[in-house]
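For my numbering, add 1296 to where a residue sits in the sequence shown, where the first one is 1.
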Amino acid sequence: MAGSTAYSATPDMYERLKLLKQYRHVAIVGLSADPYRPSHFVAIYLQAEGYDIIPINPRYAGKTILGKRVYASLKEARAAGEQIEIVDIFRKAEDTPQFVAEAVEIGAKVLWLQLGVRNDETSGLAREAGLIFVQDRCVKMEHARFFGGLHTIGLNTGVILSRKL
């Protein structure tokens, strides 16, 4: 059920902390060149924290975002020699199941759906395929919470804003 309100379990906070420590190569599916889009802000943050980001967006394929070549697909990025451990998806819930098989094919370990995005079909497919599956969590917020990055936006209140100040 795409976008279902049922909630499939996601790894607990200790498991998510371990994932963010262990895996440093993140494909961002749907990365936008628009600096005001959440995907762009998350990518900037991850780069600043030392993660290797791999932009995936057919609209910008062959171009550069944040100094990185943009690929049309996960398979294209892998064929170009990119190492991908986490696939972070910035797409609508109903669009997410299509990325499971491709993530498995390229050897990814984690499929991650952003805050507000839940899909039980994707969850089932990912788990059946042996992927670690996280949904309804923002990679940037989780990292900031675990590693003290709230100061990155000039606040240390424990609240992360969704808009630029």
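Backbone N, C-alpha and C define an ideal beta-carbon position, used for all residues, glycine too.
Which term fits residue 1384, buried or exposed, when burial requires 16 or more other beta carbons within 10 angstroms of its beta carbon? buried
Measure the C-alpha to C-alpha separation of residue 1348 and residue 1435 and round it to an integer number of angstroms. 14 angstroms
Would you be able to state if there are at least three C-beta pairs under 8 angstroms between the region 1308-1325 and the region 1437-1445? yes
Three or more C-beta pairs below 8 angstroms linking the region 1391-1401 and the region 1356-1376: yes
Taking the beta carbon of residue 1378 as the centre, do at least 16 other beta carbons fall within 10 Å, making it buried, or is it exposed? Residue 1378 sits buried, since 16 or more C-beta atoms from the chains shown fall within 10 Å of its C-beta.
Express the C-alpha separation of residue 1411 and residue 1390 in angstroms, rounding to a whole number. 15 angstroms
On the three-pair Cβ rule with 8 angstroms, is the region 1416-1430 touching the region 1342-1356? no
CB of residue 1407 within 7 angstroms of CB of residue 1386, strictly: Between residue 1407 and residue 1386, the gap from beta carbon to beta carbon reaches 7 angstroms or more.
From 1380, 1305, 1326 and 1403, pick the residue whose C-alpha is nearest to that of residue 1392; which is it? 1326
Exposed or buried, residue 1351, counting other C-beta atoms within 10 Å across all chains shown (16 or more means buried)? buried
If you reduce the DSSP assignment to three classes, tell me which class residue 1435 lands in. helix
Residue range of the alpha helix (DSSP H) that includes residue 1397: Counting along the chain, the alpha helix (DSSP H) containing residue 1397 begins and ends at 1394-1401.
Would you mind working out which of 1362, 1319 and 1309 sits nearest residue 1381, comparing C-alpha positions? 1319
By DSSP, does residue 1306 sit in helix, in strand, or in coil? coil
Who are the near neighbours of residue 1309 in its chain, counting only those whose CB is closer than 7 angstroms to its CB and skipping five residues on each side? none
Quick check for students: name the residue ranges of the alpha helix (DSSP H) that lie wholly in the region 1348-1387, counting only runs of 4 or more. 1370-1375
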